[in-house]
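With positions in the sequence shown counted from 1, the corresponding number in my numbering is that position plus 642.
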Amino acid sequence: MSTSHQPPKYIYKILPSSPAPTSPLPLSLPLSDLDSRDGFLHMSTSNQILGTLNNFFSSTPHVYILRVPYAKVESRVKWEMAAGKKPDEKGGCWDTEGRAGGFPHIYEVGDGEGKGTLRLGREEVESVGMWLKGEGSWSEKGWPFGEDEPKQA
């Protein structure tokens with residue numbers, strides 16, 4: 643991420659509608675196949691999340707959104723461009739032209755417990771919200787959090 647840009651307050655992890663995340667969250671949630679394959683946790687900012695939902699979760703009636711304060715994971719985040727990469731390539735996504743900017747990817751845990759592993763769980767996640775799609779494509783309607791509302795690209 644460029645030093646001239648202010649980092650986001652939150653980044654978000656999308657979980658499929660099934661299974662629902664447990665409460666309380668475990669120390670480490672199971673990795674998705676995509677995260678395991680790519681070696682990092684795919685995250686989105688509020689400005690990117692609608693694109694991610696509409697391209698990867700278009701037929702899903704609802705999802706769970708993990709809200710992660712950026713400050714808690716900043717040391718593990720790399721901002722990476724997906725321009726020129728297809729969704730099935732490592733680090734690829736729906737934004738093949740790079741219009742959404744760099745995507746936040748969380749890499750392995752540093753020193754201490756879990757070192758060398760990918761982890762996202764109760765220590766990093768501030769809150770979990772269920773987001774209902776509604777009719778048509780995903781939109782900001784139903785955003786489960788009171789602030790940082792996504793914008794349609």
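Don't be surprised by glycine CBs; every beta carbon is placed ideally from N, CA and C. The structure presented is a predicted model; accordingly, all values stated were derived computationally and were not measured.
Going by the DSSP bridge assignment, what does residue i pair with across the sheet?
i      : result
Glu722 : Phe745
Gly771 : Ile707
Ile653 : Val710
Gln686 : The sequence as given places Ser at residue 686; Gln does not occur at that position. Tyr654, per the DSSP bridge assignment.
For residue i, I'd like the list of residues in its chain whose CB is within less than 6 angstroms of its CB, leaving aside the five on either flank, ordered along the chain.
i      : result
Ser703 : Per the sequence presented here, residue 703 reads as Pro, with Ser not at that position. So the list reads Lys775, once near-sequence residues are dropped.
Trp780 : Leu692, Leu695 and Asn696
Arg718 : Ile748 and Tyr749
Ser686 : Tyr654 and Thr694
Pro649 : Tyr712
Quick one: using the 10 Å Cβ neighbour count with 16 as the cut-off for buried, is residue i buried or exposed?
i      : result
Asp797 : Any property of residue 797 remains undetermined from this structure, which presents the chain solely from 643 to 795.
Pro661 : exposed
Gln690 : buried
Ser646 : Note that Ser646 has pLDDT 47, beneath the 50 cutoff, so the model's placement of it is unreliable and the number below is only indicative. Exposed, by the Cβ-count rule.
Glu782 : exposed
My understanding is that residue i touches residue j, with C-beta atoms under 8 angstroms, so please give their C-beta distance in whole angstroms.
i      : j      : result
Val710 : Ile653 : 5 angstroms
Glu791 : Trp785 : 5 angstroms
Pro668 : Gly763 : 5 angstroms
Leu671 : Pro663 : 7 angstroms
Ala773 : Val715 : Here residue 773 is Trp; the residue named in the question, Ala, does not match the sequence. The pair is not a contact, with the Cβ atoms about 21 angstroms apart (cut-off 8 angstroms).
Please return the same chain residues whose Cβ sits closer than 7 angstroms to the Cβ of residue i, not counting the five positions on each side in sequence.
i      : result
Leu683 : Lys655, Asp677, His747, Ile748, Leu760 and Leu762
Glu768 : Arg709, Val710 and Pro711
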